[in-house]
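Numbering (the numbering used here), first residue to last: 77 to 341. For every residue, glycine included, the Cβ atom is placed at its ideal position computed from N, Cα and C. Have a look at the structure below before the remarks.
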């Protein structure tokens, strides 16, 4: 199913979720302009407190926007939606091992599953574009590149793992502007955690992201890194709970909240 960039931007969240419910699977950067996108981490109730505590101790990569109680499939952030079907692609982990990437969670669903809806940096991309700062992965038609780093998150119970970051090349004379603009969105990762040499984060090769797609970094541009909501999935891979479910990186939940809801004046 082809959806043009203009069509993607103009879709309401409900319309976008209906397309994903119908089987469309694609990265969601640039979709439903003005509406907040979110990461997911879904775990059995037995592990839910550890995930909540992990997020509390690591608010930069894990800002929680909402929680669906055990067995709930909809809530205020996706009115009339279904968390089991309304994301384009999911990731299912058993004992920390990726075992499936379905477009529908119905076969995996259990009544004890708790859903954490976590802020996503796609939320502030429109503000960057409005300021004249291009977004490479959107312009190049790719998924945003994401990398594991050498920085450790604060552990919580059974949950431990590295900080994951997303990267956007920013023209050198606009890095300060990008930091200032994104700092006004603390609920969706806020200001960058690093700019410049990727080696300082333990990233050896920008052309080989751990998640997503590599993008071209033009001359005169600086790689800038933001905390990323894929961090809980990296912790799942390391901590190995019996079952955990996340979104496929870059395939976000498009919520009914507006980006402006998370903008600090």
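Rounded distance between the beta-carbons of residue j and residue i, thought under 8 Å
i	j	result
residue 179	residue 164	7 Å
residue 320	residue 117	7 Å
residue 274	residue 282	6 Å
residue 170	residue 308	The pair is not a contact, with the Cβ atoms about 16 Å apart (cut-off 8 Å).
residue 213	residue 105	6 Å
residue 189	residue 147	7 Å
residue 240	residue 137	7 Å
residue 255	residue 267	5 Å
residue 168	residue 216	In fact, because the Cβ distance is near 29 Å, the residues do not count as touching under 8 Å.
Cβ-Cβ distance between residue i and residue j below 9 Å
i	j	result
residue 162	residue 93	yes
residue 197	residue 221	no
residue 166	residue 154	no
residue 237	residue 311	yes
residue 131	residue 139	yes
residue 129	residue 143	no
residue 193	residue 134	no
residue 284	residue 172	no
residue 289	residue 219	yes
residue 125	residue 233	yes
residue 301	residue 261	no
residue 257	residue 183	no
residue 226	residue 278	yes
residue 253	residue 209	yes
residue 85	residue 156	no
Delimiting residues of the beta strand (DSSP E) encompassing residue i
i	result
residue 299	297 to 303
residue 113	111 to 120
residue 228	222 to 228
residue 319	319 to 323
residue 331	329 to 334
residue 245	238 to 247
residue 140	140 to 144
Limits of the unbroken alpha helix (DSSP H) element including residue i
i	result
residue 257	251 to 259
residue 309	307 to 315
residue 92	89 to 97
Exposure label - residue i; buried when at least 16 CB within 10 Å
i	result
residue 113	buried
residue 207	exposed
residue 141	buried
residue 88	exposed
residue 259	exposed
residue 160	buried
residue 245	buried
residue 334	exposed
residue 328	buried
residue 224	buried
residue 305	buried
residue 326	buried
residue 299	buried
residue 174	exposed
residue 77	No answer about residue 77 holds up, because its pLDDT of 49 lies below 50 and its placement is not dependable.
residue 340	exposed
residue 296	exposed
residue 191	buried
residue 108	buried
residue 337	exposed
heavy atom of the ligand ADP below 8 Å from residue i C-beta
i	result
residue 249	You won't find the ligand ADP in this model; it holds no ligand whatsoever.
Checklist line | Start-end ranges of the alpha helix (DSSP H) lying completely within the region 157 to 211, minimum 4 residues | finding: Correct list: 201 to 206.
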